[in-house]
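See structure below.
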Amino acid sequence: MRILFAGDEHPYSAFALKELIRLAMNTWADITILGVQAASASPGPVAPALNLALNRYRETFLNSWEGEDSPYALTNWQFEWYPVKEGLWEERLVCKSGRKDFRVHLRIGNPEAAILREAREEGCDLIVLGCASGGDCLWTGAPAVPQRVASDADCSVLLVKEEQPISRILACLDQTYISQESLEILNQMITIHKAQLEVIGVIPQGGVKKEVYTRLIEVGDYYHDRGIDISTRIAEVADLEASITTDGKQDLLALWMGKKSILSRFFPREWVGRLVARSQSSVLVMR
Amino acid sequence: MVQNKLKILILDDEPIVCKRLKPSLEKQGFEVDTFTRSFEALQAVEQTKYDIIITDLKMEGMDGMRFLQEAKKLHPDSEIIVITGFATMETAKESFKKGVFDFIAKPFNLSEIHRVVMRAEAKIRGTQA
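Protein sequence lines, in the order shown, are assigned to chains A and B.
Using this note's numbering, you'd call the opening residue of the first sequence number 2 and step up by one each time.
Using this note's numbering, you'd call the opening residue of the second sequence number 772 and step up by one each time.
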């Protein structure tokens, strides 16, 4: 698994980093920490506040392991060629992590586009980013980034709203295709948080959809076969929206957003933004 | 000089994983056998020496940890790659204690598996940097 952590210098990113560390400790995923800023700082590429934050994230991440347990320990020294200016390269001694890949990247430009591009180019399975808690779900200085990343990413996205234990996962599905990758991401979250799983089949107002029942049964069987404690129910979209606004401070809201059948979905892309914004707790958008 | 094809065994109780990995590794030049039941996979290991074994952990019957122990007993120099949908710090540590080559949490993309398999191949062929 490869995880991309997209962070800025604000406190919500520090909360999200803790969730990243929890994920990394259990999955030993390859990790990229990405800083994004609108334009190059002068004289260096990174603005001082972001630079400090990235240094802090790197150190916090790497120091989270005790002794020799870390798969990310920087033990692999090697010479590599780096471009200095056009036509000139310099050989530098660099130290890389031993067992699993750990990198810190910086991209300059539109934050949302930069995060999505990084995830695509690196082949990430999950993007983790923080955002303001409560009903806003914003990034300071670039408010729409979390919701747009959640809506437009090709892979799953975990939006961490604040630091809190997760005791239950509310996973919502409609009639869309459910990928193997999304089932696996949810498995990992259930395992890491030792959380209960409730799967909710979401139907349009006043309507009943056979496909939703079919999906609900398929998903129920999948988790039941793997010994996971699961309960299932059906809810209308509007009821779901209302309930996530008021309930579940310790719930992780997980939304199945398949890559296919976007036009025929009950959760069109704008719904993702609404549910993400309304949720009181962290949100996992699964693809 | 043409090198012998390395033999890979894949064990995962989810047929979709085997179905996805087999053609992609065969395309990379490996000889691949797949199994969804650990006892059948162990029988195969008793009869054939696989250079690389890719195994899931959580399975009905004999689990992946026990399977990899038995496989290592039979062929200590087989390189074992663990893939798991239910990763924990303990299973990762235990896997490495038992001498696995790498530990990969699901979901993974094919390029990730290819990279790890190529590193295992380099180790087996003695061409590791």
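Every residue, glycine too, gets a C-beta built ideally from N, C-alpha and C.
The structure displayed is predicted, hence computed values, not measured ones.
- At a Cβ-Cβ threshold of 7 Å, residue 866 of chain B and residue 874 of chain B count as neighbours.
- Residue 167 of chain A carries a coil assignment under DSSP once its states are collapsed to helix, strand and coil.
- Partner residues in a beta bridge of residue 209 of chain A, as assigned by DSSP, do not exist.
- The Cβ atoms of residue 252 of chain A and residue 169 of chain A sit closer than 7 Å to each other.
- Within 10 angstroms of the beta-carbon of residue 838 of chain B lie 16 or more other beta-carbons, which makes it buried.
- Take residue 892 of chain B, set aside five residues on each side of it, and the residues of its chain with a beta-carbon closer than 7 Å to its own are 777, in chain order.
- Using a CB distance cut-off of 7 Å, residue 30 of chain A counts as an interface residue toward chain B.
- At a cut-off of 7 Å between C-beta atoms, residue 185 of chain A counts as an interface residue with respect to chain B.
- When A/212, A/189 and A/276 are compared, the shortest CA-CA separation from residue 20 of chain A is found for A/189.
- Using a 10 angstroms sphere on the CB of residue 78 of chain A, the tally of other CB atoms stays under 16, which defines it as exposed.
- In its chain, beyond the 5 residues on either side, 126, 127, 157, 285 and 287 have a beta carbon closer than 8 Å to the beta carbon of residue 186 of chain A.
- The C-alpha of residue 123 of chain A lies about 43 Å from the C-alpha of residue 207 of chain A.
- Restricting attention to A/180, A/212, A/10 and A/232, the CA atom closest to the CA of residue 199 of chain A is found in A/232.
- Runs of the alpha helix (DSSP H) spanning 4 or more residues and lying entirely within the segment 45–84 of chain A occur at 49–63, in chain order.
- Counting along the chain, the unbroken beta strand (DSSP E) around residue 104 of chain A starts and ends at 103–109.
- Less than 7 Å divides the Cβ of residue 279 of chain A from the Cβ of residue 245 of chain A.
- Cβ-Cβ distances below 7 Å link residue 83 of chain A to 90, 91 and 93 in the same chain, with the five nearest sequence neighbours on each side left out; the list follows chain order.
- In the three-state scheme derived from DSSP, where H, G and I count as helix and E and B as strand, residue 812 of chain B is classed as helix.
- With respect to chain B, the C-beta atom of residue 197 of chain A has no partner C-beta closer than 7 Å.
- Around the Cβ of residue 878 of chain B, a 10 Å sphere holds 16 or more other Cβ atoms; the residue is buried.
- A straight-line Cα-Cα distance of about 34 Å links residue 23 of chain A and residue 214 of chain A.
- In the displayed model, residue 134 of chain A falls within coil according to three-state DSSP, outside both helix and strand.
- Annotation: the continuous alpha helix (DSSP H) that includes residue 187 of chain A extends over 181–194.
- Between residue 789 of chain B and residue 171 of chain A, the alpha-carbon positions lie close to 30 Å from each other.
- Between residue 796 of chain B and residue 779 of chain B, the beta carbon gap of about 6 Å places them in contact (Cβ cut-off 8 Å).
- Under a criterion of Cβ atoms nearer than 9 Å, no residue of chain A is adjacent to residue 889 of chain B; the nearest Cβ is some 14 Å distant.
- In the three-state reduction of the DSSP assignment, residue 218 of chain A falls in the helix class.
- Taking the C-beta atoms as reference points, residue 129 of chain A is found nearer than 7 Å to residue 6 of chain A.
- The beta carbons of residue 162 of chain A and residue 134 of chain A sit closer together than 7 Å.
- Approximately 5 Å separates the beta-carbon atoms of residue 33 of chain A and residue 104 of chain A; this is inside 8 Å, confirming the contact.
- Sequence-ordered contacts of the segment 773–798 of chain B with chain A read 787 [C-beta pairs closer than 7 Å].
- If you check each beta-carbon in the segment 56–72 of chain A against every beta-carbon of chain B, the ones closer than 9 Å belong to 70 and 72.
- For residue 785 of chain B, there is no enclosing beta strand (DSSP E), as DSSP marks it with neither H nor E.
- Linking residue 853 of chain B to residue 65 of chain A through their CA atoms gives a straight-line distance of about 24 Å.
- Counting of Cβ neighbours within 10 angstroms places residue 872 of chain B among the buried residues, the total reaching 16 or more.
- Taking the Cα of residue 830 of chain B as reference, the smallest distance to any Cα among A/240, A/220, A/227 and A/258 is reached at A/227.
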